[in-house]
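A quick write-up on the structure given underneath.
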Amino acid sequence: TSKVGEGGLGVVYRAIDTLSGEVVAVKQVRGESRTLLEREFLAMVEFPEHPNIARVFDYGRLPGGRPYYTMEFIAGTDLRSYMAGRDIDALYPLLVQICEGLSFIHANGYIHGDIKPENLLVTGEGRGEARIKIIDFGLSYAVREGGRGLQGTPHYMAPELLRDEAPDLRVDLYALGVVLYEILTGRKPFPGEHAREILRQHLTVAPPPPHQVNPGVSEKLSGIVMKLLHKEPQARFPSAGALLEALGPIVPLRSHRSTSRGVLLNAPLIGREKELQHLLDLFESVGKGAATPQCVVIAGGEGVGKRRLLREFKYHVQIGGGTWFEVRCRIGSSFSSLAPLMEKLLRVAFAGGMRRQESDFPLLKQIWPTLPVGGSAAVVEEGLSPEAARIRRFSAVAVFLRSLIERGIVSTPLLLTLSDLHFADPDTLE
């Protein structure tokens, strides 16, 4: 792992996910910021498929109880640094993407709450089209909540926040106006070293239009920025979509085309609340030490929301302290669907101190010859009927799973999830 970022609330590391092998970003928090981390994670899981929103993967806790979550690692630079020395034309396609990302966030009922250059990362430079990723949802909130008081970065806070008015999505548009002003002119519209001085200007000072500071900025673009910076939210654009429409005459058409693909709206979980509550009740019973393992089958036709329900359950489990492993079944030989799951569990076992030479590992290796464990796949089963040998191998899997719990290697409720079970072979099903 290596540290890649640090802020007032926490630290972000670059790391390798030992279960998937992927490079991820790991975000941890300091002190009493756990609620903020959980809130940020829950906000970000609402946007798993949008190309301009950073993806999150898993939520967990370190041995000492300190929470963290993993997310997409973005190898890029912030918008301010990216635009330094570049022509204004380079901003247009990125601005379109920011508008589309904000539209998506707002359409899902959220306000970002901390739009600033540091939270607008540009990736893909040198590999073709530059791509915006909106990050850091630690200060986000649902529109229905009506705000969380005075919070945010002083340079980018909308006046209505300072007047203690109920905010709406236009606080994000105001912040975007500050970002654009800064990039187009090379200076902040409301400069200052002290927060009180900066906040006073948000309420009382009208900055000079960008085209008066930088003659290279068109009056049309300058007017759009000034509309975003209006003190009254009613005088700003009503939405990011309306802003995008206003940009139409000055933004090259190719900029619009570059980001209109691949936007998948993530509908809220509707009509499956009863099923979700049943799953949560079972999870709670396991957490309280229920003696009998629970087995649940989620069945239904294609498109009825099975995967959406499972994803919602997963996030509740992880935030509740559970351990979640998931594999997707594929057509193959006996037990083939379980091989990826066993490999993940073995990585956890070895990290927890289990030796690679265990009495039951040869039996496991007979089932899955590629497992990274000691012993030979050729296990002598003389005198055993085929059915007895099969049961013996089943028992080896059960013993291995039980040992993870008994040795404290897995000390939280363990959930093993098999998706697309209709593809599984008979042995896996049994």
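Quick note: the sequence shown uses this note's numbering, first residue 1477, plus one each step.
C-beta atoms are modelled at their ideal positions from N, C-alpha and C, and glycine is treated no differently.
DSSP beta-bridge partners of residue i
i: L1656; result: In the DSSP output, where bridge partners are listed per residue, L1656 has none listed.
i: D1534; result: T1546
i: V1572; result: Answer by DSSP bridge pairing: none, since V1572 is not bridged.
i: G1552; result: T1599
i: I1867; result: DSSP, once it has assigned bridges, lists no residue as partnering I1867.
i: L1513; result: DSSP, once it has assigned bridges, lists no residue as partnering L1513.
i: F1801; result: L1892
Same chain only: Cβ atoms within 6 Å of residue i, ignoring 5 sequence neighbours per side
i: F1580; result: H1526
i: T1477; result: Y1489 and A1491
i: P1683; result: P1665
i: Q1627; result: L1615
i: G1481; result: V1488
i: P1709; result: E1636 and R1646
i: V1693; result: L1660, P1686 and H1687
i: L1513; result: V1505 and P1543
i: I1807; result: F1899
i: A1716; result: C1575, L1578 and S1579
Cβ distance (whole Å) where residue i is taken to contact residue j below 8 Å
i: F1801; j: D1903; result: The pair is not a contact, with the Cβ atoms about 19 Å apart (cut-off 8 Å).
i: L1755; j: F1789; result: 5 Å
i: M1633; j: L1675; result: 7 Å
i: F1613; j: M1520; result: 5 Å
i: L1597; j: D1554; result: 6 Å
i: L1723; j: L1570; result: That belief does not hold up - the Cβ atoms of L1723 and L1570 are roughly 12 Å apart, past 8 Å.
i: V1532; j: F1517; result: 6 Å
For residue j and residue i, the rounded distance between their alpha carbons
i: L1785; j: R1672; result: 46 Å
i: A1583; j: P1714; result: 13 Å
i: A1775; j: Y1545; result: 29 Å
i: S1734; j: R1515; result: With a pLDDT of 39 at S1734, under the threshold of 50, the modelled position of that residue is not reliable, and the figure given next carries that caveat. Each residue's alpha carbon lies about 31 Å from the other.
i: F1549; j: V1505; result: 17 Å
i: G1497; j: L1814; result: 18 Å
i: A1718; j: K1750; result: 38 Å
i: Q1770; j: T1511; result: 30 Å
i: M1818; j: G1540; result: 26 Å
i: R1783; j: D1896; result: 10 Å
i: E1863; j: L1752; result: 38 Å
i: G1577; j: E1636; result: 23 Å
i: K1698; j: V1689; result: Here residue 1698 is Ser; the residue named in the question, Lys, does not match the sequence. One C-alpha to the other measures close to 10 Å.
i: G1585; j: Y1617; result: 9 Å
i: V1875; j: S1557; result: 55 Å
i: L1905; j: Q1842; result: 18 Å
i: S1736; j: E1594; result: In this prediction, S1736 has a pLDDT of 37, which is less than 50 and means its spatial position is unreliable; what the coordinates show is noted afterwards. Between S1736 and E1594, the C-alpha separation is close to 24 Å.
i: P1725; j: F1899; result: 52 Å
i: H1565; j: K1696; result: For the record, residue 1565 in the displayed sequence is Asp; it is not His. Roughly 14 Å separates the two Cα atoms.
i: R1787; j: T1893; result: 11 Å
i: T1599; j: A1551; result: 6 Å
i: L1720; j: D1901; result: 51 Å
i: G1668; j: L1880; result: 57 Å
i: H1732; j: I1591; result: Unreliable positioning characterises H1732 in this predicted model, as indicated by a pLDDT of 49, which lies under 50. The coordinate reading is nonetheless provided below. So the alpha carbons of these two residues sit roughly 21 Å apart.
i: E1882; j: M1830; result: 12 Å
i: S1761; j: L1891; result: 13 Å
i: Y1568; j: V1727; result: 6 Å
i: G1589; j: G1662; result: 23 Å
i: L1877; j: I1587; result: 43 Å
i: Q1677; j: E1778; result: 55 Å
i: A1825; j: L1847; result: 13 Å
i: V1681; j: A1642; result: 22 Å
i: A1530; j: K1503; result: 13 Å
i: L1638; j: M1559; result: 30 Å
i: Y1657; j: D1563; result: 15 Å
Same chain, Cβ closer than 7 Å to residue i, five either side skipped, listed in chain order
i: K1479; result: V1487 and Y1489
i: R1730; result: Residue placement at R1730 is flagged as unreliable, the pLDDT there being 48, under the threshold of 50; a coordinate-derived value is accordingly withheld.
i: Q1794; result: D1534, Y1535, G1536 and W1800
i: R1712; result: R1646, L1649, Y1650, K1703, L1704 and H1706
i: L1907; result: Residue 1907 cannot be examined here, being either before or after the span of the chain that is shown, 1477 to 1906.
i: R1804; result: S1895 and D1896
i: D1493; result: V1500 and T1546
i: P1630; result: A1671, I1674 and L1675
i: P1816; result: V1803
i: R1866; result: none
Sequence-distant residues of the same chain with beta carbon closer than 8 Å to residue i, five excluded per side
i: G1797; result: R1537, G1763, T1888 and P1889
i: N1528; result: Q1573, I1574, E1576, G1577, F1580, R1607, I1608, K1609, I1610 and T1735
i: G1561; result: none
i: V1791; result: Position check: residue 1791 holds Tyr in this sequence, whereas Val was assumed. F1517, L1518, V1521 and Y1535, listed in sequence order.
i: F1870; result: E1906
i: P1691; result: none
Any non-hydrogen atom of the ligand ZN closer than 7 Å to residue i Cβ
i: L1704; result: For the structure depicted, the ligand ZN is absent and the ligand set is empty, with no information on it obtainable.
Review point. Okay, do the stretch 1701-1712 and the stretch 1649-1665 touch, 3+ Cβ pairs below 8 Å being the bar?
Key: yes
Exercise for review: Evaluate the contact criterion for the stretch 1634-1652 versus the stretch 1604-1612: three or more CB pairs, one atom per stretch, below 8 Å.
Suggested key: Verdict: no, contact absent.
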